[in-house]
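Quick note: the sequence shown uses our numbering, first residue 4, plus one each step.
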Amino acid sequence: MLKLFRRNHLIRRHFNFKSTLSVFICLLLSACTSSSRSVTHYYDYQLYSPQGEPIALSELPKRLVDADVILVGEWHTHSAIHRFQTDLFQQLLDQNPSVTLSMEQFARDKQSIVNDYLKGDIGEQTLINQANAWPNYSSDYRALIELAKQQQQDVIAANAPKSIVRCIGRKGLEYLDKISPQQRLNVAKNVDIGPSDYKEKFMASMHHGSPEQTDRQFSAQVAWDETMAESITDYLKIHPNKQVLHIAGKFHVEDGLGIKTSILRRNPNLKVAVITPKTEISSSLDYQLQVLAPPIRYVKAENRMQAYKALGHRNADLSCE
4 MLKLFRRNHL
14 IRRHFNFKST
24 LSVFICLLLS
34 ACTSSSRSVT
44 HYYDYQLYSP
54 QGEPIALSEL
64 PKRLVDADVI
74 LVGEWHTHSA
84 IHRFQTDLFQ
94 QLLDQNPSVT
104 LSMEQFARDK
114 QSIVNDYLKG
124 DIGEQTLINQ
134 ANAWPNYSSD
144 YRALIELAKQ
154 QQQDVIAANA
164 PKSIVRCIGR
174 KGLEYLDKIS
184 PQQRLNVAKN
194 VDIGPSDYKE
204 KFMASMHHGS
214 PEQTDRQFSA
224 QVAWDETMAE
234 SITDYLKIHP
244 NKQVLHIAGK
254 FHVEDGLGIK
264 TSILRRNPNL
274 KVAVITPKTE
284 ISSSLDYQLQ
294 VLAPPIRYVK
304 AENRMQAYKA
314 LGHRNADLSC
324 E
């Protein structure tokens with residue numbers, strides 16, 4: 004009877020050991036790989052490689068360790084994308100304590116105000132008011148700025164002022180010849196509006212207005228791209244050991260066009276990675292961030308047209324003379 008008890012006890016120990024070992028191996032493998040999962044709500048995201056391979060966020064900084072610039076595109080106000088941006092910034096800082104945040108959402112002429120906030124010389128409401136922060140700053144960009152402030156990282160106010168760019172959209176690039184030398188410093192020295200894949204993509208996306216008007220709007224778009232690219236490359240000339248995480252609209256970065264092309268034209272030796280939000284995953288030039296599609300903004304055509312008309316009158320009081 005005693006021998007039988009000992010035999011059964013040894014058998015149970017054997018199977019418990021095998022079971023424990025199997026669980027350990029599974030946990031070890033799951034730490035090294037990431038399986039695809041469905042995105043279910045508007046705070047949810049799943050990261051993929053350009054080849055469509057699912058990636059754990061914790062693995063991404065290792066893949067991007069050699070990147071000088073990381074461009075993250077966004078659908079403005081998309082909660083999951085903004086959550087990802089802050090999560091990524093934290094992950095990058097965990098690996099490298101010298102990551103600079105660069106933002107489309109602040110213009111060059113407001114750099115000193117952004118700096119004052121990071122130093123603690125002014126409060127958040129002063130930053131919002133004096134730096135012309137976007138209306139969704141508190142919900143979507145506060146977390147990025149506060150993380151940079153907490154970690155004592157620089158923030159590049161990378162964009163051109165809206166008033167100047169909107170006047171380019173009205174008058175064309177010739178408008179830059181009319182502004183003061185001080186104002187001219189707030190827009191890239193060189194703005195290339197020549198034929199390109201980016202121009203073809205932009206023209207194909209425009210459905211209203213005359214060809215001349217669309218050309219002027221493209222000039223405005225490129226003025227944004229070129230200024231952000233120049234802001235980044237100028238910063239890296241002074242801080243060559245920094246890594247820059249830049250936040251901008253999806254169209255500015257998708258497929259390596261826009262800002263990436265402008266960066267590489269200024270410094271072909273820089274390594275630039277792009278992360279683009281998508282609703283469906285496929286083979287891509289960029290890292291892919293799967294999120295839910297933004298809700299349909301307008302169902303009725305008349306509501307859409309009213310919105311377009313309101314946009315047309317948005318800058319009625321803007322003087323470009």
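Idealized CB from N, CA, C, for every residue including glycine.
Proximity to residue i [Cα-Cα], best of the options
i, options, result
"residue 168", "148, 186, 294", "186"
"residue 156", "223, 40, 242", "242"
"residue 47", "76, 204, 90", "90"
"residue 3", "64, 240, 238", "No answer is possible for residue 3: the residues shown for the chain start at 4 and end at 324."
"residue 226", "213, 177, 215", "177"
"residue 95", "66, 193, 76", "66"
"residue 158", "143, 193, 120", "120"
"residue 189", "215, 230, 217", "230"
"residue 52", "130, 165, 260, 292", "292"
"residue 317", "173, 272, 75, 201", "173"
"residue 109", "160, 321, 220", "160"
"residue 267", "56, 57, 41, 71", "71"
"residue 143", "285, 281, 251, 196", "251"
"residue 320", "153, 126, 56, 166", "166"
"residue 296", "116, 272, 73, 81", "81"
"residue 271", "258, 249, 239, 299", "239"
"residue 153", "122, 212, 83", "122"
"residue 106", "234, 323, 294", "234"
"residue 259", "294, 181, 124, 199", "199"
"residue 62", "43, 193, 93, 83", "93"
"residue 41", "135, 303, 180, 283", "283"
"residue 45", "195, 102, 294", "294"
"residue 88", "299, 149, 133, 184", "149"
"residue 151", "117, 180, 162", "117"
"residue 74", "183, 249, 197", "249"
"residue 212", "182, 305, 312", "312"
Residue i vs residue j beta-carbon contact at 9 Å
i, j, result
"residue 85", "residue 137", "no"
"residue 262", "residue 289", "no"
"residue 69", "residue 245", "no"
"residue 232", "residue 276", "no"
"residue 279", "residue 256", "yes"
"residue 104", "residue 147", "yes"
"residue 264", "residue 201", "yes"
"residue 111", "residue 164", "yes"
"residue 269", "residue 236", "yes"
"residue 254", "residue 76", "yes"
"residue 113", "residue 139", "no"
"residue 131", "residue 141", "yes"
Close Cβ partners of residue i (< 7 Å) along its chain, the five nearest in sequence each way excluded
i, result
"residue 310", "301"
"residue 54", "286"
"residue 22", "Here residue 22 scores only 42 on pLDDT, less than 50, and its place in the model should not be relied on; the value that follows carries that caveat. Correct list: empty, nothing qualifies."
"residue 323", "170, 173, 174, 178"
"residue 182", "167"
Which residues DSSP lists as bridging residue i, in chain order
i, result
"residue 291", "51, 279"
"residue 103", "247"
"residue 162", "110"
"residue 252", "77"
"residue 72", "247, 275"
"residue 58", "50"
Residues near residue i in its chain [Cβ-Cβ closer than 6 Å; skip 5 each side]
i, result
"residue 171", "178, 222, 223, 226"
"residue 307", "301"
"residue 30", "Reliability fails at residue 30, whose pLDDT of 37 lies under 50, so the model's placement of it is uncertain and the value that follows must be treated cautiously. Closer than 6 Å at the Cβ level, and outside the excluded window around residue 30, lies no residue."
"residue 125", "119"
8 Å Cβ shell around residue i - same chain, five flanking residues per side excluded
i, result
"residue 219", "171, 172, 173, 174, 175"
"residue 101", "156, 244, 245, 246"
"residue 127", "120, 145"
Minimum Cβ-Cβ distance from residue i to chain C less than 9 Å
i, result
"residue 178", "Absent from the structure is chain C; it holds one protein chain and no more."
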